[in-house]
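Quick note: the sequence shown, position 39, residue 426 per the numbering used here, numbers continuous.
Have a look at the structure below before the remarks.
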Amino acid sequence: MVLFTSNPDIYKNAYPNWQKTFRNYNDFFDLYSEHFKEAADKLIDSIEANRGHIADNIINPALFLYRHSVELSLKAILHRIYLTSGLDDNKIKDKLEGHGLDSLWAKVNNEIRSKYNFGADQNEKDELRTIGGLIIELHNTDDSSMTFRYPFDKRLDEFTYGDGKESFGIDFIHFKEQLDYLHTRLRYWIYYKVSGEWSNE
Numbered sequence: 388m389v390l391f392t393s394n395p396d397i398y399k400n401a402y403p404n405w406q407k408t409f410r411n412y413n414d415f416f417d418l419y420s421e422h423f424k425e426a427a428d429k430l431i432d433s434i435e436a437n438r439g440h441i442a443d444n445i446i447n448p449a450l451f452l453y454r455h456s457v458e459l460s461l462k463a464i465l466h467r468i469y470l471t472s473g474l475d476d477n478k479i480k481d482k483l484e485g486h487g488l489d490s491l492w493a494k495v496n497n498e499i500r501s502k503y504n505f506g507a508d509q510n511e512k513d514e515l516r517t518i519g520g521l522i523i524e525l526h527n528t529d530d531s532s533m534t535f536r537y538p539f540d541k542r543l544d545e546f547t548y549g550d551g552k553e554s555f556g557i558d559f560i561h562f563k564e565q566l567d568y569l570h571t572r573l574r575y576w577i578y579y580k581v582s583g584e585w586s587n588e
C-alpha cells in the first residue's frame with residue numbers, strides 16, 4: 388500500500404506544483420498563505436448550523452490554519468523587503484527564523500515605516516495599530532505555533548483557551564471576519580505595495 392499515487396481521472400487529483408509554474412519564486416510565501424487561509428475558510432464555512440457541535444471538532448485545525456496563514460503573510464512581506472534590500476540567502480533565512488508573530492510583526496512594522504513610508508498620515512497609523520493589535524492578540528494566544536496543534540506543551544502542561552472553563556466560547560464567524568480583514572490588509576495593502584504591485588487609484 389502507498390499513500391501518494393495518481394488517479395487517471397484528473398478531477399480526482401490535487402496538483403500542488405502547478406500554481407508555482409506561473410508564480411515567481413519570490414511569491415511562494417504569499418501563495419502558501421493564500422492556501423492556508425482558504426483551507427481555514429472552508430472549514431469554518433462547513434460548520435453551517437453547527438449541529439452536533441461540529442465547530443468544537445474543527446476549531447483547532449481552523450485556528451492553526453489561520454495562524455499559519457498570518458505567519459506566512461508576514462514572512463512574505465519580509466522576504467520581499469530583504470530581497471529588494473540585496474541581502475543574501477543566509478541572512479534572509481536567519482531573519483525569517485522562528486514562529487513568533489510578535490517579532491515578525493515588529494520587523495514588518497519597522498521596515499515598512501522606514502523604507503516604504505507606511506504610517507505617513509494618521510489614518511495609516513491607526514490602521515497599522517489595528518493590524519498590530521490583531522496580530523499580537525493572536526500571538527498571545529499561540530506564541531509558538533503549538534497551541535492549536537497539540538493538547539500539551541513540551542513539558543506536557545495543558546494548553547487552555549480563555550479562562551479554561553467548559554463554557555468558554557469562540558465566535559468563529561467573528562474570528563473569520565477579523566482574519567479576512569487582517570489577511571486583506573497584509574496582502575493587498577502591505578505585501579502588494581512592497582512588491583511594487585500596489586496602486587491607490
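Ideal Cβ placement from N, Cα and C applies to all residues, glycine included.
An exposed status is given to His440, since fewer than 16 other beta-carbon atoms sit within 10 Å of its beta-carbon. Sequence-distant partners of Tyr469 (beyond 5 residues in either direction) whose C-beta falls short of 7 Å from its own C-beta, in its chain, are Ile479, Lys482.
Closest option to Met533, judged by alpha-carbon separation, among Arg500, Ile560, Trp576, Pro448: Pro448. When secondary structure is reduced to three states using DSSP, Glu545 falls in the strand class. In the structure shown, Phe555 adopts coil according to DSSP, grouped into three states.
Spatial neighbours of Arg572 in its own chain (CB-CB distance under 6 Å, excluding positions within 5 residues in sequence) are listed in chain order as Ile518. The DSSP-derived three-state label of Phe562 is helix. Residue pairing for Phe539: DSSP places it in a beta bridge opposite Glu545.
Two segments are said to touch when three or more pairs of C-beta atoms, one from each, lie closer than 8 Å; by this definition the segment 560–572 touches the segment 443–457.
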